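Numbered per mature numbering (1 follows the signal peptide of the UniProt record, and there is no 0), the sequence shown spans residues -22 to -1, 1 to 187.
Ideal Cβ positions, reconstructed from N, Cα and C, are used throughout, including at glycine.
None of the values given here were measured: they were computed from a predicted structure.
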Amino acid sequence: MRIRFLAVLVLLASLLSGCGYNTFQSADEAVKSAWSEVINQYQRRADLVPNLVSTVQGYASHEKEVFTQVTQARAQVGGIQATPELVNDPAAFAKFQQAQAGLSSALSRLLVVAENYPQLKADAAFRDLQAQLEGTENRITVARNRYIKAVEGYNVSVRTFPNNLTAMIFGYAVKPNFTVDNEKAISTAPKVDFSAPLGAGKPAPAGVN
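This is the structure in structure tokens:
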């Protein structure tokens, strides 16, 4: 009896291996790992925002609208629980993308403001934050690209015959990915370039020493 039971287990294991079940396991883990890195890099960026805003405010305190936009965008990002389950929910994933795009846009506006203040560009603390932000944006791009590839591999497995039959039986569904609409934003980090000579461009507003 025991031998027969073991034989059934072996047969089931063989069938599952041949119909893509094991492929789903490895592909799903790859997606989770890639997603964790995306979240890690986005969090790194969010952590930079308070110090960045505070430093810019020291030289451009009257730019209240921009500071408000950045703060609100960061709060919106922080209000989303980016759990592993989020990658299985197209609506939640789209909301996550929208929030991160909003923060990217707000940061871009903040950096445009900073361009108008040569003294700010010379500030050592600001230049350090600028370098950290630039590096983080690059890491975000790399992490998102890896996630895109991981999801593509997983989705191909789910859709390909005969794996798709196994997917239906065990409830494996196609996962949402970064969309074509925001592909440009995904591949282009906000410009962070303060290499121009100090004093170039617009003069500092009156009252800024």
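Do the CB positions of residue i and residue j come within less than 7 Å of each other?
i: Y132; j: A5; result: yes
i: T33; j: A103; result: yes
i: E15; j: A121; result: yes
i: S135; j: T46; result: no
i: Q97; j: Y37; result: yes
i: E41; j: V90; result: no
What is the residue span of the alpha helix (DSSP H) that residue i lies within?
i: L64; result: Careful: L64 lies outside any alpha helix (DSSP H) and carries neither H nor E.
i: K127; result: 102 to 137
i: A24; result: -2 to 35
Among the residues of its own chain, which have a CB less than 8 Å from the CB of residue i, if the five just before and after it don't count?
i: Y20; result: V55, A60, Q78, I118
i: F74; result: I58, A60, L64
i: F148; result: Y(-2), F2
For residue i, collect the residues of the same chain with a Cβ closer than 7 Å to its Cβ; drop the 5 residues on either side in sequence, then sort them by chain order.
i: I126; result: N155, F156
i: A51; result: G80, L81, A84
Measure the alpha-carbon distance for residue i versus residue j and round it to whole angstroms.
i: R87; j: E43; result: 10 Å
i: A24; j: D106; result: 16 Å
i: R137; j: P68; result: 17 Å
i: G113; j: P140; result: 43 Å
i: A72; j: L143; result: 28 Å
Under 6 Å Cβ to Cβ from residue i, same chain only, skipping five residues before and after it: list those, please.
i: A70; result: L64
i: R124; result: A12
i: A145; result: V136
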